Structures are given as C-alpha cells and as structure tokens.
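Note that my numbering has the sequence shown beginning at 4, numbered continuously upward. Below is one structure, written out as structure tokens; comments come after it.
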Amino acid sequence: MTLVYALVSRQKTVLAEHTATSATGNFPTVTRVLLSKIPPVDGRMTYVYDEYVFHYVVEGGICFLCMSDEHNKHRVPFAFLQELKDLFNSKYGLEVPQRAIAFSLNEEFSKVIQDRMDYYNSAGSNVDSLSQVQNQIEDVKGVMVENIEKVLERGEKIELLVDKTDRLNQQAFQFKSSSKKLRQAMWWNNVKWVGFLTVAGAFLVFFVSGLFCGFDFHRCKAH
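The following block contains the structure:
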C-alpha cells in the first residue's frame, strides 16, 4: 500500500498538503470536489474511486484526508491520519486553524505531512505491526466505505488521473529526447551552412575570375 497524497483543511479551505514525489496527477483537484461534499461534523469515512481510496477524519471542523492505492487497507491510512491529527493539534491548537487562510500553514506543516507519509510508506510490509496501526484495528471496523460517485450531484463528474512514474525518470526521458532533437537540429544547421558556404565560395571564385578574364573568359583564352 502507498500513501499518495494528504492534506489538512477547514472545510474547503486547504491549510496544508503534500504529494508523494513518485506520483503526479489531478488528485488535488479531485479532493477539492470531495471536500465540498464532506460534512463539517466529527467523523471518519472512506470513499472509493476506481483503484484509489480517499480516507478522512474530521474533528473540530478540521479535516485530515489522505489518498492511498489499495481498497482493503484501512488501518494504515487511519493510523497515519490519527498521528497527523495529533501532531497538528499539538502544534497549532484549536484556535489557529479556525482563522488560518488557505495554505498559510503549508510551508511549515507540509514538511510534517511528508515526514509521516514517508515513514508509513517506507515501513512496507512491517507497517501493520506498528503500535499506531494496532490501535486502529477496532476503530476502523465501523468506518463506512462508499463509492465516491454517491456523493456527487446529478450531472457532476470527476475524472481521477494518476501517474506514478517517477518524476526523475520523466525528466531524464524528456532531457534525452530534447538532446536528440537538438543534435539533429544542429546537424541540419551545419549542413545548411556548409552548403551555403560552398555555393558562396564557388560564386566568389567565378566573380573574381570574371573580373580578370571576363565573365565569358575571353581575355584568359586570348593568352
């Protein structure tokens, strides 16, 4: 299981977020739609969208949400969200999040989200043995799981796009392609210059010869 994306918000106002470096996509946009559907009352729930899952916990009007890539793994995401909630509350208390503007806490708390996300993702198969996860076993049994389409209004549609290709690999491929195109362009440019200089040189020789011998070379023939 991989935690792909996480955020902290006050209803639709995102205060901090982080995306795993191994993933790209439009899931931040999708979560904005989902946030508008989450009731501001305390609770927790899981929404399924194709092979991806959105888990959230709301407490005191603050929503802690994450996106993972496995349907049947609930303990780990909720353990992650619980720890994220505890760290957030201990850092900012109850009043600061209620008056904070969008992304005003992002510079500071996105690093905490990243650290905890990397921790739970790197634990791999051993993550289920973590004490934080074990504490969630009973709690997640009552969590409702619904398809995300159930919360959408009639005619409303969202399309989730996720590309988990490593960004560095994408950049390397793009650089390689760009370098190849640049070499080809430079080669053609050199060919054009060689052709131009060859024609120009031939014309110059002809012109100089014409000055001395006449352009029909009659003066040179007479000698």
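Don't be surprised by glycine CBs; every beta carbon is placed ideally from N, CA and C. Here the structure is a predicted model, which is why all the values come from computation and not from measurement.
DSSP beta-bridge partners of residue i
| i | result |
| --- | --- |
| residue 6 | 71 |
| residue 17 | 12 |
| residue 65 | 13 and 62 |
| residue 22 | 8 |
Extent of the continuous alpha helix (DSSP H) run through residue i
| i | result |
| --- | --- |
| residue 44 | From DSSP, residue 44 is part of no alpha helix (DSSP H); its letter is neither H nor E. |
| residue 86 | 78–95 |
| residue 2 | Since the displayed the chain opens at 4 and closes at 226, residue 2 lies outside it and no answer follows. |
Exposure label - residue i; buried when at least 16 CB within 10 Å
| i | result |
| --- | --- |
| residue 186 | exposed |
| residue 170 | Unreliable positioning characterises residue 170 in this predicted model, as indicated by a pLDDT of 46, which lies under 50. The coordinate reading is nonetheless provided below. It counts as exposed. |
| residue 57 | buried |
| residue 91 | buried |
| residue 101 | exposed |
| residue 31 | exposed |
| residue 200 | exposed |
| residue 7 | buried |
| residue 207 | exposed |
| residue 9 | buried |
| residue 67 | buried |
| residue 26 | buried |
| residue 11 | buried |
Limits of the beta strand (DSSP E) - the one that residue i falls within
| i | result |
| --- | --- |
| residue 54 | Unbroken run through residue 54: none, as it is neither H nor E. |
Chain C within 8 Å of residue i, Cβ atoms only
| i | result |
| --- | --- |
| residue 40 | Looking for chain C here will not work: only one protein chain is present. |
Decide if the stretch 109–124 is in contact with the stretch 16–29; the criterion is three or more beta carbon pairs, one per stretch, under 8 Å apart. yes
Below 8 Å, how does it come out for the stretch 35–53 and the stretch 91–98: are there three or more Cβ pairs, yes or no? no
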